[in-house]
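Peer 1: For what it's worth, my numbering labels the leading residue of the sequence shown as 349, then goes sequentially. Yeah, the Cβ is synthetic: ideal placement off N, Cα and C, and Gly gets one too.
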Amino acid sequence: MTGLLGGTFDPVHLGHLDVAHAALRALSLDQVLFIPANIPPHRHAPRASGADRLAMVTLAIAGEPRFAASAIELEAAGTSYTAVTIDRMVAAGRTREDLCFIAGADAFAGVASWHDYPALLDRCHFAVVSRPGFPASAVRTRMPAFADRMIDAKDRYQTPARTSIFLIDAPTAPVSSTDVRACIDRGAPLTGLVPDVVAGYIDAHRLYTREAHGH
Numbered sequence: 349m350t351g352l353l354g355g356t357f358d359p360v361h362l363g364h365l366d367v368a369h370a371a372l373r374a375l376s377l378d379q380v381l382f383i384p385a386n387i388p389p390h391r392h393a394p395r396a397s398g399a400d401r402l403a404m405v406t407l408a409i410a411g412e413p414r415f416a417a418s419a420i421e422l423e424a425a426g427t428s429y430t431a432v433t434i435d436r437m438v439a440a441g442r443t444r445e446d447l448c449f450i451a452g453a454d455a456f457a458g459v460a461s462w463h464d465y466p467a468l469l470d471r472c473h474f475a476v477v478s479r480p481g482f483p484a485s486a487v488r489t490r491m492p493a494f495a496d497r498m499i500d501a502k503d504r505y506q507t508p509a510r511t512s513i514f515l516i517d518a519p520t521a522p523v524s525s526t527d528v529r530a531c532i533d534r535g536a537p538l539t540g541l542v543p544d545v546v547a548g549y550i551d552a553h554r555l556y557t558r559e560a561h562g563h
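#1: Three or more beta-carbon pairs under 8 Å between the segment 397-405 and the segment 429-441, yes or no?
#2: Is it buried or exposed for Gly540, if we count other Cβ within 10 angstroms and need 16 for buried?
#3: Go through the segment 481-541 residue by residue and report every complete run of the beta strand (DSSP E) that reaches 3 residues or more, in order.
#4: Which residues bound the alpha helix (DSSP H) around Phe456?
#5: What's the gap between the Cα of Leu515 and the Cα of His361?
#6: When the Cα atoms are used, what is the spatial distance from Leu632 to Ala424?
#7: Alpha carbons only, please: which of Asp435, Ala521, Ala431 and Ala495 is nearest the one belonging to Asp454?
#8: I'd like the span of the alpha helix (DSSP H) that includes Val477, first residue to last.
#9: Comparing C-alpha positions only, which one of Thr427, Ala419, Asn386 and Arg479 sits nearest to Ile564?
#10: At a Cβ threshold of 8 Å, is Gly458 touching chain C?
#11: Thinking just about the alpha-carbon of each residue, which of Val528, Ala475, Pro492 and Asp435 is nearest to the one in Val452?
#12: Excluding the 5 residues preceding and the 5 following Gly418 in the sequence, name in chain order all residues of the same chain whose CB lies nearer than 6 Å to its CB.
#13: Just reading off the beta strand (DSSP E) that Thr564 is part of, what are its end residues?
#14: Thinking Ala547 and Leu538 are a contact (beta carbons under 8 Å), I'd like their distance in whole angstroms, please.
#15: Is Pro359 near Val528, with beta carbons less than 8 Å apart?
#16: Between the alpha carbons of Phe396 and Ser525, how many angstroms are there, rounded?
#17: Tell whether a beta-carbon distance below 8 Å holds between Arg471 and Arg510.
#18: Under 8 Å, do Ser485 and Arg497 count as touching if we go by C-beta distance?
#19: Could you give the DSSP three-state label for Ala362: helix, strand or coil?
#20: In angstroms with no decimal places, state the Cα-to-Cα distance between Ile387 and His463.
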């Protein structure tokens with residue numbers, strides 16, 4: 349099964365990597381694809397270009413052979429929708445049962461506002477990973493209508509034929525891309541927030557600095 353980790357990745361940080369590793373281990377995934385959004389539907393436009401965000405993801409995952417970066421959303425025009433991306437992958441030959449969209453529990457809490465919800469949840473499996481303050485187990489009480497398809501990752505072999513929502517309780521770094529950009533604005537070090545290679549790329553390309561954005 350292939351995991352799909354979508355996001356703005358503006359920039360990619362250790363929390364993203366923790367979520368990907370948690371899903372990889374819990375579900376014995378063959379691969380995790382990191383998919384930077386072109387234009388995210390629920391957020392402001394990214395401050396870094398698509399090329400820079402893809403480059404940072406590529407650097408961040410270089411040490412893990414089961415991680416790969418995909419430009420499928422960056423190469424598509426307009427707003428990036430998870431439902432459309434999954435449909436495009438299925439049209440290209442992937443099966444819905446072999447795809448698992450990965451989301452942090454904080455992001456998944458807003459899934460009802462995602463494009464083509466609730467049909468979206470029938471497009472492939474989903475994996476929800478705990479984030480600080482958002483335990484994956486809480487999804488059951490937030491979405492009672494889908495509780496019957498929610499499965500603790502350790503019980504994944506009991507998966508029914510239809511698409512499931514796997515709940516993964518694992519520690520993930522308490523960091524967000526907003527935190528990272530705020531540190532850059534203050535001139536604070538990025539140690540413990542992003543991989544060193546990403547910090548080096550941000551510095552070399554002067555990303556997220558006030559000067560770069562005319563402030």
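Peer 2: Result, derived from the coordinates:
#1: no
#2: exposed
#3: 498-500 and 513-516
#4: Ala453 to Phe456
#5: 22 Å
#6: Outside the modelled stretch of the chain, which goes from 349 to 563, sits residue 632, for which no answer is possible.
#7: Ala521
#8: Val477 -> not in any alpha helix (DSSP H); beta strand (DSSP E) instead, spanning His473 to Val477.
#9: The question about residue 564 has no answer here: the residues shown for the chain are numbered 349 through 563.
#10: Protein chain content of the structure displayed is limited to a single chain, and chain C is not contained in it.
#11: In the sequence as displayed, the identity of residue 452 is Gly instead of Val. Nearest of Val528, Ala475, Pro492 and Asp435 to Gly452, Cα basis: Ala475.
#12: Note on residue identity: the sequence assigns Ser, not Gly, to residue 418. Closer than 6 Å at Cβ, skipping near neighbours: Leu381 and Ile383.
#13: A question about residue 564 goes unanswered here, because the residues of the chain that appear run from 349 up to 563.
#14: 4 Å
#15: yes
#16: The residue you asked about is not Phe; residue 396 is Ala in the sequence shown. Ala396 and Ser525: Cα-Cα distance of roughly 11 Å.
#17: no
#18: no
#19: Reading off the sequence, residue 362 comes out as Leu, not Ala. DSSP places Leu362 in helix when its eight states are reduced to three.
#20: 14 Å
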